[in-house]
Every structure is written in structure tokens, then in C-alpha cells.
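S.K.: Provided herewith is a single structure, encoded as C-alpha cells, for subsequent inquiry.
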Amino acid sequence: MTENDANADCVHPIMLIERNTILALCVGRYIQISFRLCCSSLASVTCCCIDTLKKNSDLIADLFVPPLILYPSFSCCLLAPPEPHITECISRDQATFQCWWSPGNFHNLSSPGALRLFYINSLASEWKECPKYVHPNRECFFDNNHTSIWIPYCMQLRGQNNVTYYNEEDCFRVENIVRPDPPVSLNWTLLNISPSGLNYDVMVNWEAPPSADVKTGWMRIEYEIQYRAGNTTKWDALEMQRQTQQTIFGLHVGKEYEVHIRCRMRSFVRFGEFSDPIFIQVISSKGSTFPLTLVLVFGITGVLILVMLIVSSQQRRLMMILLPPVPAPKIKGIDPELLKKGKLDDLNFSSTGGGLGGPPTYATDFYQDELWVEFIEVDAEDAGTGEKEDNQGSDTQRLLDVPQPISHHMNIGFSNAVSFPDSDSGRASCYDPDVPDQDTLMATLLPGQPEDGEVKTSPAPERLLIRTQTAGPQTWFNTDFYAQVSNVMPTGGVVLSPGQQLRIQESTSGTEEEPQQGKEHKGSEDSEEEKEKEEQFQLLVVDPEGGRQAAESNTPQMFAPPSSPIPGEGYQTILPQPAETEPAATAEDGQSPYILPDSPQSQVFARVADYTVVQELNSQHSLLLNPPPRQSPPACRPQHPLKALPSMPVGYITPDLLGSLSP
Amino acid sequence: MMHGTIRSVSCVWVVWVCLFFCSSVTMVGAAPICANAQGGCHVLSLANLFDRVIQHSARTHGISNNLHTEFEQYFMPSKNHIGRVSRNCHTSSILTPNGKDNAQRMAREELTEVILKLLVAWRDPLWHFHQSMAHHHDFNNFSSNKALEMSNMVHELHKGVEKVAEKMQVLGIISNTVSSLVSPEALLASDSSEWRPMRDYDLLYCFRRDSNKVQNYLKILKCRIIPEHGC
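Have a look at this one:
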């Protein structure tokens, strides 16, 4: 119920908003209502206020409100009407009541007796005059005899000459206008003080107003206590109370509180006046213990927080100290899975390769079961970027431990070549020949392909690749694919050496040991090879004994441009010249490392001993260091290296041993 | 295993709680209230009875107040008090004391009878009011429920006041002239269809007044008979 129970002039009405219509109802005895419509739209919070003046209290039946108007606010304000009117009627004890009036702007009627008050109720048949006037107050007092509850009364003012000032709103029932007097004898007692000495509780008690007849049960009253701290303006209200006492909890020591009380009839809305306030204050008597307790409490809290901070910040260290991690068994380079499987052979093999840094990536297929093998992966998407080039250079350098300037052009050209899946490398002829890949592979394996671009008949991609070669020193390129095996240890380990300025002879001066057929075909098929699109990979044999310097020093000497470009060829196998190098290892048999080409074209064997390129893998996963002759179908070496060379490290073929291998 | 233990424990706990609450409920008033303490029924004191009845009437009045306010919001009736002055509630035929003095001067039996008459007169109208509210789409379920509650409460209040009257008669506080049968006036009021043409709002207006009357009279009666507790 939003009936006004205060003495304010303006109150909020009951609102009913339906779509664009606002209905507002001011309940109460208002003579004249002013509605102020303040609106704010979403866009701007401005207040457009419309003042309307109405006579009756229930109104604004249809005030159209545009959409997007938010927060309209209404207020019913009691405007003093100009004509004489009844100001208020109040009953204090539900047995009597009083009414006050005002002459309004009619000052000539302000003299006592100028206006007379008349009333009527359902018991009476006509208007009767006020039973008792209190003129100084412009008040009319209705005593017990003239007061009847539960029946409507209506008031009227009459001036001279029977001029009547009557408002329909001045009708009421006595039980609805009851405002009890404020309770009396308000006092308080201290209940207890908290152990910390900061808070305390008080018990407030009072008595019912004497005018309200509670004893006979005629009036049932409930009370409301409000209190506030001395310096605040907002009152705190406690729950309605039917007893004549109430406890206020949680007051602060040292503060002064103000308490007052009012009451109303149960299940009615109008409150009576507030009582005179009383003041509550408790001064702390404990001076010494108070700080001590506080200090103790805060100290403990602070220490706890500190400890927690330390624990949380040093969590890891504490965990290490308290629960040190148990190291798991681990051998570098060996996959524990292999140990479980019991593949000792693979294990050995992998251990050697792994220990030395990993074989070239073109052997991915061969090593695809060995996860430990680290391959330098070429990212196909990054082809052509300079960054890639740098990566390649860095990878190469890392691998070969040699600063390797890689020509841009080469890389650009070969980037396309690079962009083939690693898994294809080396796998070529044993499976479906993937010509472009092979070509690109071949191209990539041509670091020093004819700079002069003589090779014209090479397959298109390769041509492209070749053309893009600069005349710069042929540097190692795409060494990411493979590492140069410079030496094969007797124990089976492979020594990788950086292939600095490795020049791959374009000449076919050096051909690797290969099967007899291949050898024969080598020279004669040189010319044919160019036409062939199939891979013509040749192995570049690295001198097992040769050191880096040897290779480097030899290379320029050995280098001889091929008389006839052999585009189809991959690498020329360049055999190390034993004369220039140290004596071969004992492990190597006395086979001549050379494979002297029959063709006169064969030139000096360039000592391109920095790497061995495995061109392909056959179906049995054996390394093919020489591409098979083109006439023959891709000849896969049926022999497993393992079987062929039991004495050699598993899976590795040294150039020396190639000769022993027969297709 | 743990599950079983937990289950059994919780079962036992639930049973124990049930027993506890059931026992407390029975202690409160599961036993039938009887006028004389025989047959193992629980005897309530008159003061206790009065308190219950007064509480009930206070609650009824509160609900009627709320509903009346809601009606005002919805319908905003014209405050034609003059018209209302002449308008009668269907219970106007029942003579009720209109002031404190009159109420205090009235005999207890008369007062009790007045209360009973009022309550009887409102049984049917409230029931129909609830029905009409339920069919009225303007009201939400909350209001409709309140109307139903009001109707039920008046019914119970009537029974309660009858019991109080019985008890008082047994105790000799009032004479046996108060019969449980309704007086002809009340019968007239309830049987007549005076209340039918009344609009819902007027019905509420009248009932709000009458519930306040009942509450008042009960309190007066109680404080006159048993002034000790809470007067």
C-alpha cells in the first residue's frame, strides 16, 4: 500500500503502465494533484517534465508516453487549493477523531467562525455541524459519542450564505485514519559487550501510548524502532515489533546513537508520529586490553597471510623438497619402446645414427619406425621465403657445422623442389615412380649443377631449377635433407662432416660403385639419361677417411666440369681419391673406392666426400646408393644390407662395400 | 560396503528425525481438542483457543486488506464516498457495535453471537468471490489464491469461534443462550441474495470492514474474559 504516511507534500503514486499509457493513482486525501512526468530516453538522460494539474486523486487515465521513454516518475503533490478545504482528519485512539481545515486563499474567511464544518455518515440522514470547535487550531473534535467506527464519514465546509466547499475525497472510515500517538517511556539498558570490546548490544523498552487502549484489546499496535549513528542522516529501521521491547545488536563502542520509535495499528498502514529520540552511547572502559586483543588478532592474521604467500610463491621448490621427483630411466638416443620390443638390431642401428646427430631426412622412410631419428624437416609451406632460406642455412650450418651461405637463387629455385613431402625422398623407384618428386629431388641434390645452364634437356622442373642457379660458388644446398657422411667408423658409427663448399661435380667423372650393370650403363647412358625422366640418382660417395680439410682441399682440384651435361643425373658420384687421403680404414676392404667411369667423359673424381646420398629405398628398406639403370625396371636391391654385410654396421653401406653388393 | 553403511545410517537418521518431528507435532495438537479431559484428548486452554482464533482473524483481515489494495490498483474506482455512504453491505442488517463503548457495554453472549453471525454471513459470498476471481483474467494467480485462502480462513474461523463459544459455555463464562445455530438474521443475510449484485470491489470493501470488526470483537472479548495474556 503506498498510502502516504508522512507529512511530505509529494508522494509517489501507484503506477500502472500499459504499453504507452501510464495510469497513476494517488491514494490519499489530496485535494489537488500535480503530476510531473519526467522522462529519459535511451539516447539521452534528460528530463522532460510535464506538469498537470488535476482535481481528483485518481487520474492520468491515459497519458500517452512515447516509446523509449524510461523512468517516468510521478509524484503526487499536495497543492494547496485556493478554496477552503479540509486539511486532515486523524484519530488517535479509534474512538475519537479530529479534523483540521484551511481557508486557502480566501483570507476573508480566515477569521474564526467564518467557516463551519459539517459532516454526514451512514447513520445520519443529513449534514450535521461539528460537535466541538477548537477555533485557534481550526480544528473540529469528534468525541466518543459522535464517533462511530466502520462507517463512512464525509466532511464539508460551509461559509457564509451557505456557500459550500465540498470535496468528495473528504470521506473516510475512522479505522482507516487512525494514527496512534508515539510510545512513551523509551529507555535502554546495556545487555553485553563483545569480548573485543568493540561492540555491544542494548535492550530498548518502552510503553504503549496512553491514548491507545491496548488493555481492552481495542487497539492492536505494532512498533517500529529506528536508530542511526550520530553523524549519519539515514535511519536504520528494525522489524515491526509487537512487544514493548527490542534488542539492538552490533552497536559500536564510542559512537553515539540516536533512537526513536513510532507505532501503527496492526494490518493498517498509517504510522503515528515519532517519539522524542534518546541517545545511546557506551564509552570503552578497557583501555589496555583492547589494543592487545586487536594486536594479537591482526598479528596472527598477518603471519598466516605471510606464510601462505611464501608457500604459494615457493610452491615448486617446496614440492621439490618435499616430494623430489623420481628420475625415470633414460638412455639418450634409445627409445625405451625398442628395448621392450627387443629389437636389438634396430637399437644398435639407431644408437649409432642417433648418437651422431641423425641421418638425412631423405631416409625418413627407412627410419620411419624409429622415432628417435631426428630429421630436419622441410616445411613445404615456407617454400620460397627468405626466412626459410635462413632456416635452411642455419639448419645446414648446424648440421654440418660449417657456415653455409646459400645462394638465394638456388634456394628460390629449389624451394619448389623442397616442397615435396619428406616421406617421398629416397623412396622413388621402388614404388610408383613419382616423377616430379624425383625430379625435384634430383634437382635438390644438385648443388653444383651446370651453372652454365647447359642442361637443356633436363626435365622442366629441373631445368628451371638449374637455370636459376647462379654462377656463384656452388654451395651446399638443401643439406637439410641429408648429412654428409664423412667417415664410417669401424664400430659402425658414421662420422658426419660438414660439407663446406662442397662442389658436386657435374661431370660424371666419378661414379660410385655400383652394380656392374649400372657401371656399364653409366657411361653409355649418360646421354640417354638426360632424356630419361626417371631418376638418375647417383650417389655421391663420401670418402670415409677423408677429413674435412681433405675434402675441401681436394674439391677444387678435383672439380671438373662435365663435358657433357648430364641433367638427368643426380649427383655424380665422386669417389675419394685414396692417394690424397689417408689410408683407408682397415675396415674397408681393398676394393678400390673408385669407380672409374668408362666414358671418357669421366673426369677427375672430385673429392666430394662430404656426404653420401641415399637416393632411394627399395621395398625391403635397403639403401640404394645408386639408382638402378633405366632399362631395367626399378631394380630394388633385393639384398638387405644386413644380409649382405653382416660385419658392417646394420643398415649402413659404405662405398667400399657397394661393390660387393650385387643387384 | 561404504555405500551400505552410509545408506543405513542415513535411513536411521531420517527415521529418527521423522519420529522426533512427529512426536512434537502430536504433542502440539494431534490429539483432538475436547471440552472435557477424557478419552485421552488434548485439552486446550481457553486462552490458547482465543489466541489462535485472534491470530486467525488478524491474518484474514490482512489478506482482505491486500486484496483490497490490489483491487484499487487495478480498477481505480471512483472515490464516490457519498455514494458509498448510502451503499450498504449485505451484513449491514446485522447489528454490530460501532464504537468502543458500545462494544464494551455489549454482553459477552451478544458479542459472541455477533461474531458468529458475521462469519456465517460471509461464507458463501467469499466462495463465490473466489470463483469469479478465478475466472477473471485480469487477476493473476496470486490474487486468486488469496481469495481462496480468504474463503477458507473464514470457514475455519467460524469453526474456531464456535469452539471457543462451546468452551466458554462449558466453563460457564457465558450462558447457554448462544447456540451454534445461526440466528435468523444471519440466515437471512446469507441466504438472501443481497450480496450477489455487489461488485467484486464492493464485496472486498465490505469484507475488509467486517474482518476488522471480527478481529476487534474477538480481542475485546478475550481481554474481557482473560485479561492476563497479551492484553
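Respectively, the protein sequence lines represent chains A and B.
Take any residue in the first sequence, count from 1 to its spot, add 125: that is its number in our numbering.
Take any residue in the second sequence, count from 1 to its spot, add 89: that is its number in our numbering.
The beta carbon of each residue, even a glycine, is placed where N, CA and C say it ideally should be.
Inspect the beta-carbon positions of residue 381/A and residue 399/A and report whether they are closer than 8 angstroms.
M.R.: Along the first sequence, read from residue 1 onward, the residue named residue 381/A stands at position 256. Along the first sequence, read from residue 1 onward, the residue named residue 399/A stands at position 274. Against a cut-off of 8 angstroms, the Cβ pair of residue 399/A and residue 381/A comes out as no contact.
S.K.: Taking the Cβ atom as the reference point for each residue, do residue 204/B and residue 306/B lie within a distance shorter than 8 angstroms?
M.R.: Taking the first residue of the second sequence as 1, we reach residue 204/B at position 115. Taking the first residue of the second sequence as 1, we reach residue 306/B at position 217. Contact: yes.
S.K.: Examine chain B for any beta-carbon lying closer than 8 angstroms to the beta-carbon of residue 187/A, and answer yes or no.
M.R.: Taking the first sequence and counting its residues from 1, one reaches residue 187/A at position 62. For residue 187/A, the predicted model reports a pLDDT of 44, less than 50, meaning its position is unreliable; a value from the coordinates is still stated below. By this cut-off, residue 187/A is not an interface position.
S.K.: Could you tell me whether the Cβ of residue 343/A comes closer than 8 angstroms to any Cβ of chain B?
M.R.: One-based indexing of the first sequence puts residue 343/A at position 218. Interface residue, yes.
S.K.: May I ask which residues mark the beginning and end of the beta strand (DSSP E) holding residue 382/A?
M.R.: Mapped onto the first sequence, residue 382/A falls at position 257. From DSSP, the beta strand (DSSP E) with residue 382/A extends over 381-390.
S.K.: Relative to the C-alpha of residue 450/A, which residue among 422/A, 441/A and 457/A is closest?
M.R.: Counting from one through the first sequence, the residue named residue 450/A turns up at place 325. Cα-wise, what sits closest to residue 450/A is 441/A.
S.K.: Mapping DSSP to helix, strand and coil, what is residue 328/A?
M.R.: As a working note, residue 328/A is residue 203 in the first sequence. Residue state, collapsed to three classes: strand.
S.K.: Would residue 223/A pass as a contact of residue 267/A if the rule is Cβ separation under 8 angstroms?
M.R.: Along the first sequence, one-based indexing puts residue 223/A at 98. Along the first sequence, one-based indexing puts residue 267/A at 142. Yes. Within cutoff.
S.K.: Given residue 77/A, which residues of its chain have a CB within under 7 angstroms of its CB, disregarding the five upstream and five downstream residues?
M.R.: Residue 77/A cannot be examined here, being either before or after the span of chain A that is shown, 126 to 788.
S.K.: With C-beta atoms as the reference, is residue 331/A less than 8 angstroms away from residue 305/A?
M.R.: Here the question's residue 331/A lines up with position 206 in the first sequence. Here the question's residue 305/A lines up with position 180 in the first sequence. The answer is no: Cβ separation not under 8 angstroms.
S.K.: Between the alpha carbons of residue 201/B and residue 221/B, how many angstroms are there, rounded?
M.R.: Sequence index remark: in the second sequence, residue 201/B carries index 112 (1-based). Sequence index remark: in the second sequence, residue 221/B carries index 132 (1-based). Near 31 angstroms, if we compare the C-alpha coordinates of residue 221/B and residue 201/B.
S.K.: I need the straight-line Cα distance from residue 214/B to residue 273/A, nearest angstrom please.
M.R.: What you label residue 214/B is simply residue 125 of the second sequence in a count that begins at 1. What you label residue 273/A is simply residue 148 of the first sequence in a count that begins at 1. Computed Cα separation, rounded: 26 angstroms.
S.K.: Closer than 9 angstroms by beta-carbon distance: list the chain A residues that pair up with residue 179/B, in chain order.
M.R.: Here residue 179/B is taken as the residue at index 90 of the second sequence, counted from 1. Within chain A, no residue comes near residue 179/B; the closest Cβ sits about 14 angstroms away, beyond 9 angstroms.
S.K.: Are residue 351/A and residue 385/A close, meaning C-beta to C-beta below 8 angstroms?
M.R.: Start at 1 with the first residue of the first sequence, and residue 351/A comes out as number 226. Start at 1 with the first residue of the first sequence, and residue 385/A comes out as number 260. Yes.
S.K.: Does chain B have any CB closer than 8 angstroms to the CB of residue 364/A?
M.R.: Numbered from its first residue, the first sequence carries residue 364/A at position 239. No, its Cβ sits nowhere closer than 8 angstroms to a Cβ of chain B.
S.K.: Counting only the same chain and skipping the five closest in sequence on each side, list residues whose C-beta sits under 6 angstroms from that of residue 303/B.
M.R.: By one-based count along the second sequence, residue 303/B stands at place 214. Counting only Cβ-Cβ distances below 6 angstroms, and skipping sequence neighbours, we find 146, 204 and 207.
S.K.: Compare the C-beta of residue 251/A with all C-beta atoms of chain B and state if any pair is closer than 8 angstroms.
M.R.: For the purposes of this step, residue 251/A is taken as the residue at position 126 of the first sequence. False, the Cβ-Cβ gap to chain B never drops below 8 angstroms.
S.K.: Pop quiz: residue 343/A and residue 189/B are said to be a contact at Cβ under 8 angstroms. What is the actual Cβ separation, rounded to whole angstroms?
M.R.: The count along the first sequence starts at 1 and reaches residue 343/A at position 218. The count along the second sequence starts at 1 and reaches residue 189/B at position 100. Their Cβ separation, rounded to whole angstroms, is 5 angstroms, which keeps residue 343/A and residue 189/B in contact under 8 angstroms.
S.K.: Would a C-beta distance cut-off of 8 angstroms place residue 328/A and residue 349/A closer than the cut-off?
M.R.: One-based indexing of the first sequence puts residue 328/A at position 203. One-based indexing of the first sequence puts residue 349/A at position 224. In this structure, residue 349/A does not lie closer than 8 angstroms to residue 328/A by Cβ.
S.K.: Whose Cβ in chain B lies nearer than 8 angstroms to the Cβ of residue 337/A?
M.R.: For the purposes of this step, residue 337/A is taken as the residue at position 212 of the first sequence. Per Cβ cutoff of 8 angstroms: no residues; residue 337/A is ~11 angstroms from chain B at best.
S.K.: How far does the beta strand (DSSP E) with residue 249/A in it reach, from first residue to last?
M.R.: For the purposes of this step, residue 249/A is taken as residue 124 along the first sequence, with counting starting at 1. Residue 249/A -> no beta strand (DSSP E), and no H or E assigned at all.
S.K.: How should residue 387/A be labelled, buried or exposed, when 16 other C-beta atoms within 10 angstroms of its C-beta is the threshold for buried?
M.R.: As a position in the first sequence, residue 387/A is number 262, starting the count at 1. Label assigned to residue 387/A: buried.
S.K.: Rounding to the nearest angstrom, what Cα-Cα distance links residue 302/A and residue 212/A in this structure?
M.R.: In the first sequence, counting from the first residue as 1, residue 302/A sits at position 177. In the first sequence, counting from the first residue as 1, residue 212/A sits at position 87. For residue 302/A and residue 212/A, the distance between alpha carbons rounds to 13 angstroms.
S.K.: Find the residues of chain B that neighbour residue 340/A, judging by a C-beta separation of less than 9 angstroms, and give them in chain order.
M.R.: The sequence position of residue 340/A within the first sequence is 215, counting from 1. Those within 9 angstroms of residue 340/A in chain B are 312, 316 and 320.
S.K.: What distance in whole Å lies between the Cβ atoms of residue 346/A and residue 333/A, which are believed to be in contact at a cut-off of 8 angstroms?
M.R.: Walking along the first sequence from the start, residue 333/A turns up at place 208. Walking along the first sequence from the start, residue 346/A turns up at place 221. Right, their Cβ atoms sit about 6 angstroms apart.
S.K.: Could you compute how far the alpha carbon of residue 237/B sits from the alpha carbon of residue 212/B?
M.R.: Counted from its first residue, the second sequence places residue 237/B at position 148. Counted from its first residue, the second sequence places residue 212/B at position 123. So the two alpha carbons sit approximately 11 angstroms from each other.
S.K.: Taking the Cβ atom as the reference point for each residue, do residue 218/B and residue 133/B lie within a distance shorter than 8 angstroms?
M.R.: Sequence index remark: in the second sequence, residue 218/B carries index 129 (1-based). Sequence index remark: in the second sequence, residue 133/B carries index 44 (1-based). Contact flag unset, no.
S.K.: DSSP three-state call for residue 257/B: helix, strand or coil?
M.R.: For the purposes of this step, residue 257/B is identified with residue 168 of the second sequence, where counting begins at 1. Three-state result, residue 257/B: helix.
S.K.: Alpha carbon to alpha carbon, how far is residue 161/B from residue 214/A? Give it in angstroms, no decimals.
M.R.: Counted from its first residue, the first sequence places residue 214/A at position 89. Counted from its first residue, the second sequence places residue 161/B at position 72. Approximately 22 angstroms, taken between the alpha carbons.
S.K.: From the DSSP output, in three-state form, read off residue 280/A for me.
M.R.: For this step, residue 280/A is matched to residue 155 along the first sequence. Residue 280/A: strand per DSSP, three-state reduction.
S.K.: So is residue 781/A buried or exposed if we call it buried at 16+ other beta carbons inside 10 Å?
M.R.: Position 656 of the first sequence holds residue 781/A. Its Cβ being crowded by 16 or more others within 10 Å, residue 781/A is buried.
S.K.: Rounded to whole angstroms, how far is the Cβ of residue 226/A from the Cβ of residue 282/A, which I believe are closer than 8 angstroms?
M.R.: Indexing the first sequence from 1 puts residue 226/A at position 101. Indexing the first sequence from 1 puts residue 282/A at position 157. Contact flag correct, Cβ pair sits at about 6 angstroms.
S.K.: Quick one: which chain A residues come within Cβ less than 7 angstroms of residue 190/B?
M.R.: Within the second sequence, the letter at position 101 stands for residue 190/B. Under the 7 angstroms cutoff, chain A gives 269.
S.K.: In angstroms with no decimal places, state the Cα-to-Cα distance between residue 240/B and residue 233/B.
M.R.: For the purposes of this step, residue 240/B is taken as the residue at position 151 of the second sequence. For the purposes of this step, residue 233/B is taken as the residue at position 144 of the second sequence. Rounded to whole angstroms, residue 240/B to residue 233/B spans 11 angstroms at the Cα level.
S.K.: Determine, for residue 249/B, whether the minimum Cβ-Cβ distance to residues of chain A falls below 8 angstroms.
M.R.: Working through the second sequence from its first residue, we reach residue 249/B at position 160. Not an interface residue.
S.K.: Return the bridge partner residues of residue 349/A from the DSSP annotation.
M.R.: Position 224 of the first sequence, counting from 1, holds the residue named residue 349/A. Looking at the DSSP assignment, residue 349/A forms a beta bridge with 387/A.
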